[in-house]
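In this note's numbering, the protein residues as written are 1334 to 1403.
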């Protein structure tokens, strides 16, 4: 149970951190939920495969996003 809670909480924190700081987008429900789900997925990936795989997965998503959203 602690592992599940920690992955869910880390997903929410992951999403929240993407909305903080100067120039950050305002919080919109759909965007926040998408990022929270991505954070949970990355958290589960961390548990199963480790930190390096999570970093590469996030980097590949970032490159894909910036190439497809000019």
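Ideal placement from N, C-alpha and C gives every residue a C-beta, glycine not left out.
Check, Outcome
"Applying the 10 Å Cβ sphere with the 16-neighbour rule, what's the burial state of residue 1375?", "buried"
"Have a look at 1390, 1387, 1380 and flag the residue whose alpha-carbon is nearest the alpha-carbon of residue 1335.", "1380"
"Return yes when the Cβ of residue 1372 is within less than 8 Å of the Cβ of residue 1344, no when it is not.", "yes"
"If we count the other Cβ atoms within 10 Å of its Cβ and call it buried at 16 or more, is residue 1368 buried or exposed?", "buried"
"Let me know the secondary structure DSSP gives residue 1353 once reduced to three states.", "coil"
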